[in-house]
Amino acid sequence: MMRLQSPLSATYVEASPDELEARISAAKATLGKRLFILGHHYQREEVMKWADARGDSFGLSRIAADQQEAEYIVFCGVHFMAESADILTGDHQKVILPDLNAGCSMADMADIESVEEAWEAIAEVTDIASVVPITYMNSSAALKAFVGRNGGAVCTSSNAKAILTWALEQHGDATKVLFFPDQHLGRNTAFQLGFDADSMQVWNPRLELGGLDEAAVKSSKFLLWKGHCSVHQRFSTTHIDAFRAEHPGGIVIAHPECSHEVCEMADHVGSTDFIIKAVTAAPEGSVIAVATEIHLVDRLARETEGKTIVSLDPLVCPCSTMFRIDAPHLCWVLEELVAGNVVNQVTVDADTATWAKVALERMLAIV
Ligand code: 13P
Ligand code: SF4
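See the structure below:
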């Protein structure tokens, strides 16, 4: 999806880190309680240090929903997170994304047209009334609205098990789940619930009937959209073998966007918030390999005393879109706010927001 971010002027691009720090600090102080900055765990340090609250995507959506006071919510994360915050906050609040090009390549792997086409194709071969659409938080507001309209819900990596359990209860044994856009989170959660590989089929939106035959669609319990995160897909079982060979008592913690093979071999699997808690809970002296975005791994390595934290993949794997949010962009949006200009506001149109809110609130009510 194309989004336009105009280049910053020299006053931001050429400012030194110390100058940016002083300017962000001054703007933040001027805005006071009118401003609330949210920071996802994958943000760089130069940005994260200014966050009033940090979290995973579920935690940040909760905080945004509860944050009634601030007029401006500056979301240091990616576009789908800012959209969700706009849906969950009041009309008097404005959500700002410091760089509009901070999208999510996985979210872009499912668009509303392809999902609607898939829905129609599935309806031709099976009873669509018993199909529950579940979208991962990493999706556009249009997809959240689609699941809201069609009796489904949003899930995040921290509550996927509870949401899929809820989905499976909706139409008894006849229930099927269409899960998008991340096949890995869908598969890992279905396995966690005790289903086997035969109950899951990958839906390839580029192929007729998702690349499946009618019998496969009819017999499947889970139709998993062929989407993935390029950051998490890099981690492999070879990395785990190498880490365990070097550190026989080592602990592996993976994000559920990793492949099933990796999650099956890992000692712990969970959201970014869960990963932080699992590191905290590990015994003193542990050597821990973490399979997630490098900024979180590096922060854990820096801030955790008495334990050794490394990336499961020794080659750095940053999320290039999360990385777009930097000190110059944060400084720019804050200084514009001080000057009375709201730049980079993320808004969702009223009809989309109404239905997306249904899907998001269903999620918040279930967990
Ligand atoms: P969390 O919900 O675990 O923070 O994950 C968001 C994400 O984009 C992971 O790649
Ligand atoms: Fe999207 Fe992957 Fe980046 Fe998360 S890490 S925001 S899923 S591209």
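Read in order, the letters of the sequence shown correspond to residues -19 to 347 in the numbering used here. Here a beta-carbon is modelled for each residue, glycine too, at the ideal position from N, C-alpha and C.
Starting from residue i, follow its DSSP beta bridges and name the residues at the other end.
i: P113; result: L158
i: H20; result: G35
i: H59; result: Note: H59 sits in no beta bridge, so no partner.
i: F202; result: V157, M180
i: C238; result: According to DSSP, C238 bridges with nothing at all.
i: A(-5); result: DSSP, once it has assigned bridges, lists no residue as partnering A(-5).
i: I233; result: H248, V270
i: I289; result: I268
i: I53; result: F16, V75
i: Q325; result: I76
Please name the residue in the options whose C-alpha comes closest to that of residue i.
i: E26; options: V105, R14, L0; result: L0
i: K337; options: K8, K124, L204, V347; result: K124
i: L144; options: G57, V157, D71; result: V157
i: G19; options: A33, G12, L11; result: A33
i: D107; options: A154, E316, A271; result: A154
i: S137; options: E(-6), C56, N118, G286; result: N118
i: D178; options: H212, K201, H235, V326; result: K201
i: S5; options: L344, T334, L314, W335; result: L314
i: G70; options: M343, A31, A330; result: A330
i: I76; options: A122, V328, E194, M89; result: V328
i: I346; options: R42, R3, A31; result: R42
i: E188; options: E100, G230, P161; result: E100
i: A121; options: V111, S110, A133; result: A133
i: G83; options: W30, A170, V326; result: V326
i: L344; options: K287, W146, I274; result: W146
i: F215; options: G191, E244, D193; result: E244
i: R342; options: T169, W183, L173, N130; result: N130
i: A222; options: L40, V242, S85, M61; result: V242
i: V322; options: R3, V267, A339, R14; result: R14
i: H240; options: F175, T252, S199, L40; result: F175
i: K198; options: W205, K206, M180, S37; result: M180
i: A(-10); options: W335, L173, W312, T218; result: W312
i: A44; options: F60, D66, L203; result: D66
i: I53; options: L310, L340, A339; result: L310
i: V318; options: R224, P263, Q172, E51; result: E51
i: V58; options: S300, K287, Q150; result: S300
i: N324; options: Q73, E63, L80, A195; result: L80
i: G303; options: E316, E285, E273; result: In the sequence on display, residue 303 carries Phe and not Gly. Nearest of E316, E285, E273 to F303, Cα basis: E273.
Helix, strand or coil for residue i per DSSP?
i: W183; result: strand
i: K74; result: strand
i: A2; result: helix
i: V267; result: strand
i: Q213; result: helix
i: Q(-15); result: coil
i: C243; result: helix
i: Q150; result: coil
i: A345; result: helix
i: A133; result: strand
i: Q48; result: coil
i: W30; result: coil
i: T69; result: coil
i: H227; result: coil
i: F254; result: helix
i: V296; result: coil
i: G166; result: helix
i: L192; result: coil
i: F171; result: helix
i: D306; result: coil
Assign residue i to one of two classes, buried (16 or more other C-beta atoms within 10 Å of its C-beta) or exposed (fewer than that).
i: P113; result: buried
i: Q23; result: buried
i: A7; result: buried
i: S(-4); result: exposed
i: E104; result: exposed
i: E283; result: exposed
i: E49; result: exposed
i: A333; result: buried
i: N139; result: buried
i: A9; result: exposed
i: H212; result: buried
i: P228; result: exposed
i: A87; result: buried
i: D293; result: buried
i: E237; result: buried
i: R167; result: buried
i: L192; result: buried
i: P369; result: For the chain, the structure presents residues -19 to 347; residue 369 sits outside this window and is missing.
i: E93; result: exposed
i: V296; result: exposed
i: S(-14); result: exposed
Problem set entry | Exercise answer, beta-carbon shell around the ligand SF4 heavy atoms below 7 Å | Y22, V58, C84, S85, M86, A87, N118, C209, S210, V211, H212, E237, E273, C299, T301, M302
Exercise. In chain order, what residues place their C-beta within less than 5 Å of a heavy atom belonging to the ligand GDP?
Worked result: The model on display carries the ligand 13P and the ligand SF4 but not the ligand GDP.
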